[in-house]
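Take 103 as the starting number for the sequence shown in the working numbering and just add one per residue.
Glycine included, every Cβ here is placed at the ideal spot set by N, Cα and C.
Please read these numbers as outputs of a predicted model, since none were measured by experiment.
Right, one structure below, let's go through it.
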Amino acid sequence: MTKRLLLLSIFTFGFLCCYALFLAGIYLAFNDNLPDIDAWSFQPKRITRVFSADGKHLKNFLEENREILTYEEIPEAMQEALVAIEDQRFYSHWGIDMRRIFGAALANLRSMDLTAQGASTITQQLARNLFSEVGDQRSSASLEAVLGSYARKVREQITAVQIERLYTKREILTMYLNTVFFGHNCFGLKAAARFYFDKDVDALTIDECALLAGLLPAPNIYSPFRNPDKARRRRNQVLAGMVQTKKLSTNTYRKLQNRPVIARRSQRAATYGLAPYFIEYVRQQLERQYGSGLYRDGVTVHTTLDSRLQEIAEKHFAIEIGRVHERVNQYLARQDSSEGLPDSAVVQAAFIAMDPRTGHILAMIGGRDFSESKFNRATQAKRQAGSSFKPFVYTAAIDNNRFTIDMLEDNAITIWEEGKLWDPENYDKKFRGPMTLREGFKQSRNLIAIKLADQIGPGLIRRYARNMGITTRINAVPSIGIGTSDVHLLDLVSAYCVFPNKGIYVEPMSVAHIVDKEGNTSFEKQTGRRREVLRPATAVIMTDMLRSAIDEQGGTGHSIRTFYRFKPDAAGKTGTTNDYRDAWFIGFTPHIVAGVWV
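Dropping the structure here:
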């Protein structure tokens with residue numbers, strides 16, 4: 103044995119002995135603060151998935167963008183690429199790679215930089231990931247200050263040894279690839295495959311696996327979206343490592359190293375997708391129930407939304423709101439005091455469709471653009487109902503022994519309201535003399551509604567509106583007859599559901615059932631809460647009156663038949679405020695009630 107080899111052997115032996123003593127001392131110092139691996143179980147934060155009633159994936163709710171995979175789902179090329187670049191002796195060490203530690207120590211001494219080269223194994227990196235999962239326990243500040251990063255490293259090494267004692271290499275690799283950070287808020291291989299390549303893990307190619315494995319030390323630096331050249335060089339470094347570990351032939355390496363980096367950012371991550379207002383409405387409801395657990399418990403939420411109806415609604419909504427915006431511009435351009443609305447003007451609208459029998463919300467649009475404004479005008483906005491409130495006046499009257507053939511005079515009146523004299527008018531500023539309640543409703547005559555409200559009492563009307571689902575403040579004054587109170591669109595649509603539902607009010611609902619991460623149903627509800635609020639006969643009479651507004655000449659909604667050529671059996675009511683700032687239509691068939699506000 104040469105003198106040099108003898109000195110090297112003595113140095114190596116001495117280093118290992120000192121390191122072992124150092125490790126033992128640190129273990130004693132940190133023992134009380136290390137995680138209890140025996141009692142610990144792997145519980146990563148999981149994605150909550152949201153689906154429509156017909157099975158379309160709508161959205162993920164998440165704290166960390168993570169999808170859990172099993173060992174069988176991990177591509178062999180990904181396992182080989184990871185081991186080649188991160189830990190070539192992964193399958194032979196016991197959590198700590200002493201050869202690598204020794205080599206890193208020599209390299210750091212030569213460079214006079216104690217942090218120049220690391221020696222962390224995959225198991226140590228997993229231990230580091232799990233520290234953040236279980237609370238990153240720390241020892242006393244004084245000891246931490248003295249030992250610095252080496253104390254953290256030793257804590258990882260001790261935990262890594264404990265992990266290796268309790269888990270197989272397969273389990274360690276699976277946990278690692280479910281917890282490691284790939285950049286761009288992607289935790290775990292599944293999320294990374296979807297984000298960087300818009301594909302499932304089983305479709306990843308060898309070079310794509312190499313790129314993902316190469317991201318791990320510095321995801322921002324090696325991101326193919328931010329630094330494609332660096333990403334390509336790093337990928338080729340991983341491929342070279344696979345050749346070194348004999349997992350890739352030289353010929354294959356030569357072919358793959360010349361491939362360009364082609365990353366395709368997932369379109370699902372770049373857009374709000376279908377029904378963003380509805381999804382946000384569901385999220386707020388679930389957050390009140392589940393709290394922060396909504397973003398990490400991995401439940402599956404099945405909503406009431408009909409994705410096909412929602413797609414149709416969004417398509418035509420975009421077309422029609424554009425037309426309305428153009429007409430408003432043209433109108434204002436003709437006014438002396440206006441130069442027209444700019445492109446960014448707030449010409450807003452909202453839409454809701456419901457199943458009257460179940461209370462299921464089938465479609466919802468809360469505004470013209472969710473990216474511009476997340477305020478949901480279907481559920482949050484309070485707007486004057488105008489004539490769309492008149493059905494509550496007539497419902498209260500019919501349910502209290504008034505008849506559709508009762509006569510009232512459509513003529514001028516003066517009313518004392520809130521300390522002032524008020525001279526209400528019809529929208530056409532004309533009077534048409536005596537007419538039946540049915541005719542006054544069909545033509546939406548303001549003076550007939552106001553007189554009827556005065557006769558039966560505003561308080562009675564308010565009680566009926568409240569029982570039928572209106573939750574906003576309702577002023578019991580004579581002008582209640584023409585809808586001067588503010589309402590939510592959702593309230594108005596759910597209230598109209600009472601008519602085709604023969605007097606039964608069904609509370610609106612957006613979530614049908616929820617399945618936990620184990621596949622067990624934790625919540626299920628077929629219909630919203632039900633209560634009878636009208637006599638069935640009253641609901642039938644009101645449905646007939648609402649049908650007359652659409653079917654008969656002179657009805658305010660008759661253009662649905664003449665202009666839009668809508669043929670199915672339907673009923674409904676228009677509504678416009680006196681200043682024309684709010685326009686409504688609530689209509690229904692036997693199976694769907696829909697409402698729009700502009």
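If you draw a straight line from the C-alpha of Phe533 to the C-alpha of Ile552, how long is it? Sequence index remark: in the sequence shown, residue 533 carries index 431 (1-based). Sequence index remark: in the sequence shown, residue 552 carries index 450 (1-based). Approximately 14 Å, taken between the alpha carbons.
If you run the structure through DSSP and keep just helix, strand and coil, what is Lys522? Here the question's residue 522 lines up with position 420 in the sequence shown. Correct three-state label for Lys522: strand.
Which runs of the alpha helix (DSSP H) spanning at least 4 residues fall entirely within the segment 552 to 625, listed in chain order? 560 to 569 and 591 to 598
With which residues is His462 paired in a DSSP beta bridge? Here residue 462 refers to the residue found at position 360 when the sequence shown is read from its first residue. DSSP output for His462 lists Met611 as bridge partner(s).
Residue ranges of each alpha helix (DSSP H) run of no fewer than 4 residues wholly in the segment 287 to 368, ordered along the chain? 291 to 299, 308 to 317, 330 to 346 and 352 to 359
Distance between Tyr269 and Met277 (C-alpha atoms, nearest Å): Taking the sequence shown and counting its residues from 1, one reaches residue 277 at position 175. Taking the sequence shown and counting its residues from 1, one reaches residue 269 at position 167. One C-alpha to the other measures close to 10 Å.
Could you give the distance in angstroms between the alpha-carbon of Gly657 and the alpha-carbon of Asn162? Residue 657 sits at position 555 when you count from the first residue of the sequence shown. Residue 162 sits at position 60 when you count from the first residue of the sequence shown. Answer to the nearest angstrom: the Cα atoms are 45 Å apart.
Sequence-distant residues of its chain with Cβ nearer than 8 Å to Ala651 (five each side left out): Here residue 651 refers to the residue found at position 549 when the sequence shown is read from its first residue. Here the set comprises Phe543, Lys544, Ser546, Gly657, Thr658, Gly659, His660, Ala673, Gly674, Lys675 and Thr676.
Can you tell me whether Trp699 is buried or exposed, with buried defined as 16 or more other CB within 10 angstroms of its CB? In the sequence shown, residue 699 corresponds to position 597, counting from 1. Buried, by the Cβ-count rule.
Integer Cβ distance of His286 from His615, believed to fall under 8 Å: Position 184 of the sequence shown, counted from the start, is the residue given in the question as residue 286. Position 513 of the sequence shown, counted from the start, is the residue given in the question as residue 615. About 32 Å; that fails the 8 Å criterion.
Please identify the residue among Glu520, Glu310, Trp518 and Ala320 whose C-alpha is closest to the C-alpha of Phe283. What you label residue 283 is simply residue 181 of the sequence shown in a count that begins at 1. Of Glu520, Glu310, Trp518 and Ala320, the residue nearest in Cα terms is Ala320.
Taking the C-alpha atoms as reference points, what is the distance between Arg504 and Ala498? In the sequence shown, counting from the first residue as 1, residue 504 sits at position 402. In the sequence shown, counting from the first residue as 1, residue 498 sits at position 396. Distance between the alpha carbons of Arg504 and Ala498: 9 Å.
Assigned exposure category for Ile421 - 16 Cβ within 10 Å defines buried: Mapped onto the sequence shown, residue 421 falls at position 319. Under this definition Ile421 is an exposed residue.
When burial is assigned at 16 or more other CB atoms within 10 Å of the CB, is Glu273 buried or exposed? On the sequence shown, residue 273 is found 171 positions in, with the first residue counted as 1. Classification for Glu273: exposed.
Assuming Glu175 and Asp304 form a contact by the criterion Cβ under 8 Å, report the distance between their Cβ atoms to the nearest whole angstrom. Locating residue 175 in the sequence shown gives position 73, where the first residue counts as 1. Locating residue 304 in the sequence shown gives position 202, where the first residue counts as 1. Right, their Cβ atoms sit about 7 Å apart.
Where does Asp512 fall in DSSP's three states? As a working mapping, residue 512 is identified with position 410 in the sequence shown. Correct three-state label for Asp512: strand.
Express the C-alpha separation of Thr460 and Leu314 in angstroms, rounding to a whole number. As a first step, residue 314 must be located in the sequence shown, where it is residue number 212. As a first step, residue 460 must be located in the sequence shown, where it is residue number 358. Each residue's Cα considered, the two are about 47 Å apart.
Spell out a yes or no on whether the segment 387 to 401 and the segment 146 to 159 are touching, meaning 3 or more CB-CB pairs, one atom from each, closer than 8 Å. yes
Between which two residues does the beta strand (DSSP E) containing Asn162 stretch? Taking the first residue of the sequence shown as position 1, residue 162 is located at position 60. Asn162 -> beta strand (DSSP E) spans His159 to Phe163.
Could you tell me which of Ile515, Val263 and Leu358 sits nearest to Pro526, measuring between CA atoms? Locating residue 526 in the sequence shown gives position 424, where the first residue counts as 1. Closest by alpha carbon: Ile515.
Glu416 lies in the alpha helix (DSSP H); which residues open and close that run? Along the sequence shown, one-based indexing puts residue 416 at 314. Unbroken alpha helix (DSSP H) run through Glu416: Ser409 to Ala435.
Nearest to Gln264 by CA position, among Cys288, Thr225 and Leu407, is which residue? Along the sequence shown, read from residue 1 onward, the residue named residue 264 stands at position 162. Taking only the C-alpha atoms, the option nearest Gln264 is Thr225.
Could you tell me the distance, in whole angstroms, from the CA atom of Thr261 to the CA atom of Ala221? Mapped onto the sequence shown, residue 261 falls at position 159. Mapped onto the sequence shown, residue 221 falls at position 119. Approximately 15 Å, taken between the alpha carbons.
Identify, in the order they occur along the chain, each residue of the same chain with its Cβ nearer than 6 Å to the Cβ of Lys662, setting aside the five sequence neighbours on each side. Translated into the one-based positions of the sequence shown, residue 662 becomes position 560. Note on residue identity: the sequence assigns Ile, not Lys, to residue 662. Result list for Ile662: Ile652 and Phe668, in chain order.
Given Ser409, which residues of its chain have a CB within under 7 Å of its CB, disregarding the five upstream and five downstream residues? Numbered from 1 along the sequence shown, position 307 holds the residue referred to as residue 409. Within the same chain, Ser409 has close Cβ partners Ser154, Asp156, Lys158 and Leu376.
Residue of Gly630, Asn548 and Trp524 minimising C-alpha distance to Gly535: As a first step, residue 535 must be located in the sequence shown, where it is residue number 433. Nearest C-alpha to Gly535: Asn548.
Given 8 Å as the limit, is there contact between the segment 582 to 590 and the segment 613 to 627, that is, 3 or more CB pairs closer than that? no
Integer Cβ distance of Ala186 from Gly343, believed to fall under 8 Å: Counted from its first residue, the sequence shown places residue 186 at position 84. Counted from its first residue, the sequence shown places residue 343 at position 241. That pair is a contact at about 3 Å.
Please return the same chain residues whose Cβ sits closer than 6 Å to the Cβ of Pro692, not counting the five positions on each side in sequence. The residue given as residue 692 occupies position 590 in the sequence shown. Closer than 6 Å at the Cβ level, and outside the excluded window around Pro692, lie Pro602.
What residue range does the beta strand (DSSP E) around Lys675 cover? Position 573 of the sequence shown, counted from the start, is the residue given in the question as residue 675. Here the beta strand (DSSP E) through Lys675 covers Ala673 to Thr678.
Got a sec, what are the start and stop residues for the beta strand (DSSP E) Val152 sits in? The residue given as residue 152 occupies position 50 in the sequence shown. From DSSP, the beta strand (DSSP E) with Val152 extends over Thr150 to Phe153.
Sort out for me which residues DSSP pairs Trp686 with in a bridge. The residue you call residue 686 lines up with position 584 of the sequence shown. DSSP lists Gly677 and Trp699 as partners of Trp686.
Could you check how far apart the C-beta atoms of Leu407 and Phe380 are, in whole angstroms? I think they sit under 8 Å. Walking along the sequence shown from the start, residue 407 turns up at place 305. Walking along the sequence shown from the start, residue 380 turns up at place 278. That belief holds up - the Cβ atoms of Leu407 and Phe380 are roughly 6 Å apart, short of 8 Å.
With distances taken between CB atoms, is the gap from Thr281 to Pro177 smaller than 8 Å? Numbered from 1 along the sequence shown, position 179 holds the residue referred to as residue 281. Numbered from 1 along the sequence shown, position 75 holds the residue referred to as residue 177. It is not a contact, given that the beta carbons lie outside the stated cut-off.
So, is Ala218 buried or exposed, given that buried needs 16 or more other C-beta atoms within 10 angstroms? Mapped onto the sequence shown, residue 218 falls at position 116. At Ala218 the pLDDT is 49, less than 50, meaning the model places this residue with poor confidence; the figure from the coordinates comes in the next sentence. It counts as exposed.
May I ask you to report which of helix, strand or coil DSSP gives Ala218? In the sequence shown, the residue the question calls residue 218 occupies position 116. Since pLDDT at Ala218 reaches only 49, below the 50 mark, its modelled position is unreliable, and no value is offered.
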